[in-house]
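For reference, the structure discussed in these notes is given below.
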Amino acid sequence: MTGVEVPEYVDGISFLPTLLGSTEKQETQDYLYWEFHEMGGKQALRIGNWKAVKNEVFKDRDDSIELYDLQLDILEENNVADDNPLIVEKMEELFEAARTPSGLFSFN
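For the sequence shown, counting from 1, position 85 maps to 211 in the numbering used here; every step adds exactly one.
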């Protein structure tokens, strides 16, 4: 819209085509990752219907992962991690790959 080149280091996908009414499918991220430093630290990952959550990250970086199928369990009440070890393994890999350490905050 502004004609400004986006720097290579910017991690994002333009939704301008959608805003302009393009009929082509909007490009999406392969997965979404986020973390919170409040309440002991939390991390989460979302791929399609799957959402993985790690709680109390400040206490134990290797704490177990909770896994939810959001198509069947939008309220995240049924942890299905034990039933889906391959998905949990993939999520563990992505938790490590997606995280960029901050100079301001640290998960100990």
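Backbone N, C-alpha and C fix where the C-beta goes; we use that ideal spot for every residue, glycine too.
Assuming residue i and residue j form a contact by the criterion Cβ under 8 angstroms, report the distance between their Cβ atoms to the nearest whole angstrom.
i      : j      : result
GLU153 : ILE139 : 5 angstroms
LEU193 : TRP176 : 7 angstroms
PRO143 : GLU134 : At roughly 20 angstroms, the Cβ-Cβ gap does not stay under 8 angstroms, so PRO143 and GLU134 are not in contact.
In the DSSP assignment, the beta strand (DSSP E) including residue i goes from what residue to what residue?
i      : result
GLU161 : 158-162
Run the CB neighbour count on residue i, radius 10 Å, all protein chains shown included, and call it buried at 16 or more, exposed below.
i      : result
ILE200 : exposed
PHE221 : buried
LYS180 : buried
ALA223 : exposed
GLY229 : exposed
VAL183 : buried
GLY147 : exposed
GLY129 : exposed
Based on the DSSP output, what are the partners of residue i in its beta bridges?
i      : result
TYR194 : LYS177
LEU171 : TYR159 and ALA178
State the start and end residues of the unbroken alpha helix (DSSP H) segment that holds residue i.
i      : result
LEU220 : 211-224
LEU142 : 142-145
> With contact counted as at least three CB pairs below 8 angstroms, one residue from each stretch, are the stretch 168-180 and the stretch 211-223 in contact?
Replying inline: yes
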